[in-house]
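A.B. asks: Numbering (my numbering), first residue to last: 813 to 956.
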Amino acid sequence: MALCGGCQPSGRCRLGITRMTMGDDGVASAALRCDAANQGGPMVAHGGWTAAVFDDVLGRIPGFLGTMAVTASLTVDFLKPVPVERDLVARAWMEARDGRRLRLAGVLHLAAGMAELARAQGVWIERRPDHFDRHRRWLRDQTG
C-alpha cells in the first residue's frame, strides 16, 4: 500500500491502515485498526481519527481511477463508538462525477459482524498540475 508523505518516514500508516484494494465493483476496501494512542474516550477512537481515516480512504479513490484530487468537503456521521484495538474495515466508492468534482462516500464497520460505525460523504476536486505550486505562491504572498 502506498503511504502518504507523513507516513513514509516510519514505513507504516499512522492511521492503522494495513491494506487497501479496489474491487471490480468499484468499491475500495481497507483493513485497519485504531491504535489505543488515538482514543478519545475509554477504549473508543477519537472522532478526529475517524474523520482522518475517511479523508485518507475516500481520498484514495481518485488514484484508483487514474486521477489525483484534493478534499473540498467531508461530512462524517458517527453512528456508534469506534472501538480501539479491534479489526475494522472501511469501504469507499465514487457516487458521481461532474467535471473535476468527484462525489465520494464510504462506511466504517467492525471486521467481525460488520456492525456499521460511521458513514462519510464528500467532494474531491481533481488537481491541476500546478496545484501545489499555486499554493506555495499564495502562502508566500501572505503576511504575518
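We put the beta carbon where it would ideally sit given N, CA and C, even for glycine.
One question on the structure: do residue 932 and residue 918 come within less than 8 Å of each other, judged by their Cβ atoms?
C.D. replies: A contact, by the Cβ cut-off of 8 Å.
A.B. asks: Below 8 Å, can you find three or more Cβ-Cβ pairs linking the region 866 to 877 to the region 840 to 856?
C.D. replies: Because the criterion of three Cβ pairs below 8 Å is met, the region 866 to 877 and the region 840 to 856 touch.
A.B. asks: Quick check: residue 886 and residue 928, are their CB atoms within less than 8 Å of each other?
C.D. replies: No, Cβ-Cβ distance for residue 886 and residue 928 is not below 8 Å.
A.B. asks: How would you label residue 944, buried or exposed, when you count the other beta carbons within 10 angstroms and need 16 or more for buried?
C.D. replies: It is exposed - the Cβ of residue 944 has fewer than 16 other Cβ atoms within 10 Å.
A.B. asks: Taking 7 Å as the limit between beta carbons, can you name the residues of its chain near residue 834, skipping five residues before and five after?
C.D. replies: Here the set comprises 840, 876.
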